[in-house]
Amino acid sequence: MTARRPHVLLSVAMSIDGHIDDTAPERLLLSNPADLDRVDQLRADSDAVLIGAGTLRSDNPRLLVNSEQRQAERRAAGLPGQPLRIVLTGGGDLDPELRLWQYGDGRAKLVYSPDAAVARLTARLAGLAEVVGTGAGLDLGAVLDDLGVRGVRRLMVEGGGAVHTLFLTSGLVDEIRLAVAPFFVGADEAPRFVNAGRFPQDALHRMELVGTDAVGDVALLHYRVPEKQDEKREQPAADRLTEDDRRRLALAVELSRQCPASETAYSVGAVVVADDGTELARGYSRETDATVHAEESALAKIDPADPRLRTATLYTTLEPCSRRASRPTPCAQLALAAGIPRVVLAWREPALFVADCQGIELLEQAGVTVLECPELAEEARAVNAHLW
Ligand SMILES: NC(=O)c1ccc[n+]([C@@H]2O[C@H](COP(=O)([O-])OP(=O)(O)OC[C@H]3O[C@@H](n4cnc5c(N)ncnc54)[C@H](OP(=O)(O)O)[C@@H]3O)[C@@H](O)[C@H]2O)c1
0 MTARRPHVLL SVAMSIDGHI DDTAPERLLL SNPADLDRVD QLRADSDAVL IGAGTLRSDN
60 PRLLVNSEQR QAERRAAGLP GQPLRIVLTG GGDLDPELRL WQYGDGRAKL VYSPDAAVAR
120 LTARLAGLAE VVGTGAGLDL GAVLDDLGVR GVRRLMVEGG GAVHTLFLTS GLVDEIRLAV
180 APFFVGADEA PRFVNAGRFP QDALHRMELV GTDAVGDVAL LHYRVPEKQD EKREQPAADR
240 LTEDDRRRLA LAVELSRQCP ASETAYSVGA VVVADDGTEL ARGYSRETDA TVHAEESALA
300 KIDPADPRLR TATLYTTLEP CSRRASRPTP CAQLALAAGI PRVVLAWREP ALFVADCQGI
360 ELLEQAGVTV LECPELAEEA RAVNAHLW
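Residue numbers are given in numbering that gives the first Met the number 0: position 150 of the sequence shown equals residue 149, and the series is strictly consecutive.
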């Protein structure tokens with residue numbers, strides 16, 4: 000695809016303690032009227048405005064430029080009165096009754112989803128929005144390429160936390176406009192500006208503060224993100240399976256055969272390998288105690304300060320868990336905490352012990368490249384055949 004990708008502006012309002020909402024059903028008002036007017040101008044200056052399906056479901060926004068004068072100025076400049084409105088979804092659970100669909104014609108709204116959800120969504124949103132598939136997963140690069148082809152030059156990303164995290168960890172944000180409201184939310188469960196992740200803008204890669212402003216009682220911080228850091232995600236070797244990957248994953252399957260038998264837990268094998276091919280550790284389920292998981296067992300053998308973790312690959316025969324009863328931290332979070340950028344797995348977790356494992360989603364939302372190797376899925380499952 001040769002069209003230029005749009006400039007991406009991420010706009011967000013948060014409390015002093017980093018929350019973008021509280022836990023009440025109604026949306027928390029963080030901005031003041033002057034700040035909302037500033038955001039209206041940003042929308043009017045954008046070709047497209049994007050949110051995640053979580054925000055669509057929880058806030059039911061219209062996502063419109065409110066000022067009639069700004070709409071008129073857009074029209075006078077040969078633009079539609081409203082920018083294109085875009086929703087990202089993974090599963091495609093979007094209610095056609097929501098307010099966003101009710102204004103303007105269907106061509107003014109786009110939904111990006113994995114290919115698997117396209118047919119169902121297209122039927123559901125017929126006449127309300129155009130649905131575009133991005134391949135096997137929700138691929139942000141494909142979204143931006145498609146928007147470039149459609150002539151979108153300036154994209155405003157308006158949340159929520161999962162979408163902020165996805166854009167930032169993918170290195171696809173050019174600037175951030177962060178409004179800080181003068182109060183605390185103080186609830187751990189309240190949504191945050193970003194979720195845990197591996198951000199290219201870390202302590203060694205600071206963003207540039209290009210402006211600060213007071214908008215009434217709201218502090219406005221304007222950051223430029225120095226360079227797009229998505230190159231590492233686009234390197235062919237990071238994004239596709241190699242023969243070496245298959246070999247390492249086959250080793251993980253062999254390790255899974257060593258697991259002490261259990262009727263209530265999977266037998267899984269895991270290997271962690273540095274990017275120069277050095278094996279850092281291996282592990283399997285119940286290796287060191289009755290509840291330890293394979294990934295956990297392998298990661299526990301590596302010094303968390305080992306810099307090779309930041310470029311390593313975790314091979315595991317089963318999708319890392321996102322919830323577990325036996326320990327406080329699930330394996331997807333352990334992999335994130337270790338800073339591992341790439342996970343190769345054989346088999347998605349079936350709905351046997353946990354109804355809906357979100358390990359892959361958690362990792363991908365944090366910017367980790369997750370690759371599946373379907374040709375080893377049956378072997379990984381066969382080791383667990385006794386569970387059915
Ligand atoms: N203060 C602010 O500036 C601001 C702005 C916006 C929102 N918010 C708040 O943010 C909260 C919502 O945030 P949120 O994190 O729950 O939702 P979100 O970021 O708006 O949307 C998350 C959804 O996007 C899809 N998605 C994101 N990454 C994906 C991936 N890698 N693969 C597949 N699908 C992916 C999924 O949709 P499916 O579930 O459909 O698969 C996911 O559930 C609300 O409380 C809202 O009020 C605050």
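From the three backbone atoms N, C-alpha and C, an ideal C-beta is built for every residue, glycine too. Note that the structure is predicted; figures quoted are calculated from it, not measured.
Hey, would you say the C-beta of residue i is under 7 Å away from at least one heavy atom of ligand 1?
{"i": "V343", "result": "no"}
{"i": "R37", "result": "no"}
{"i": "M206", "result": "no"}
{"i": "A202", "result": "no"}
{"i": "R307", "result": "no"}
{"i": "A52", "result": "yes"}
{"i": "P190", "result": "yes"}
{"i": "T168", "result": "no"}
{"i": "S57", "result": "yes"}
{"i": "E363", "result": "yes"}
{"i": "M13", "result": "yes"}
{"i": "I388", "result": "This structure cannot settle anything about residue 388, because the visible part of the chain is limited to 0 through 387."}
{"i": "V162", "result": "yes"}
{"i": "G159", "result": "yes"}
{"i": "L335", "result": "no"}
{"i": "V77", "result": "According to the sequence as given, residue 77 is Gly; it is not Val. No, Cβ of G77 sits at least 7 Å from all heavy atoms of ligand 1."}
{"i": "T88", "result": "yes"}
{"i": "D92", "result": "yes"}
Using DSSP bridges, identify the partner residues of residue i.
{"i": "I19", "result": "DSSP lists no partner for I19."}
{"i": "L386", "result": "The partner list for L386 (beta bridge, DSSP) is empty, contrary to what the question assumes."}
{"i": "A213", "result": "A218"}
{"i": "S10", "result": "R176"}
{"i": "L317", "result": "W346"}
{"i": "L154", "result": "V7, A47"}
{"i": "S66", "result": "Paired residue(s): none; S66 is not in a bridge."}
Could you tell me whether the Cβ atoms of residue i and residue j are closer together than 8 Å?
{"i": "L298", "j": "R153", "result": "no"}
{"i": "E207", "j": "P225", "result": "yes"}
{"i": "L137", "j": "G103", "result": "no"}
{"i": "A273", "j": "R307", "result": "yes"}
{"i": "V11", "j": "H163", "result": "yes"}
{"i": "G215", "j": "D34", "result": "yes"}
{"i": "I19", "j": "G160", "result": "yes"}
{"i": "N383", "j": "V217", "result": "no"}
{"i": "G134", "j": "V117", "result": "no"}
{"i": "M13", "j": "A180", "result": "yes"}
If we ignore side chains and look at the alpha-carbon of each, how far apart do residue i and residue j end up?
{"i": "D173", "j": "L83", "result": "19 Å"}
{"i": "Q332", "j": "A107", "result": "38 Å"}
{"i": "Q357", "j": "C320", "result": "7 Å"}
{"i": "S169", "j": "H221", "result": "20 Å"}
{"i": "T121", "j": "L49", "result": "19 Å"}
{"i": "L165", "j": "D201", "result": "15 Å"}
{"i": "G53", "j": "Q70", "result": "27 Å"}
{"i": "H292", "j": "D21", "result": "34 Å"}
{"i": "A260", "j": "P113", "result": "37 Å"}
{"i": "E157", "j": "C258", "result": "46 Å"}
{"i": "L63", "j": "T310", "result": "42 Å"}
{"i": "I400", "j": "A336", "result": "With the chain covering 0 to 387 only, the question about residue 400 has no answer from this structure."}
{"i": "R3", "j": "D144", "result": "7 Å"}
{"i": "G77", "j": "L109", "result": "21 Å"}
{"i": "G51", "j": "P60", "result": "11 Å"}
{"i": "D302", "j": "A195", "result": "20 Å"}
For a cutoff of 8 Å on Cβ pairs, would you count residue i as touching chain B?
{"i": "L171", "result": "Although the question refers to chain B, the structure presented lacks it and comprises just one protein chain."}
Should the region 366 to 383 be called in touch with the region 333 to 348, which here means at least 3 C-beta pairs below 8 Å?
-> Taking 8 Å as the limit for Cβ pairs, the verdict is that the region 333 to 348 does touch the region 366 to 383.
Okay, do the region 360 to 371 and the region 267 to 283 touch, 3+ Cβ pairs below 8 Å being the bar?
-> The region 360 to 371, when compared against the region 267 to 283, does not touch it at the 8 Å Cβ threshold.
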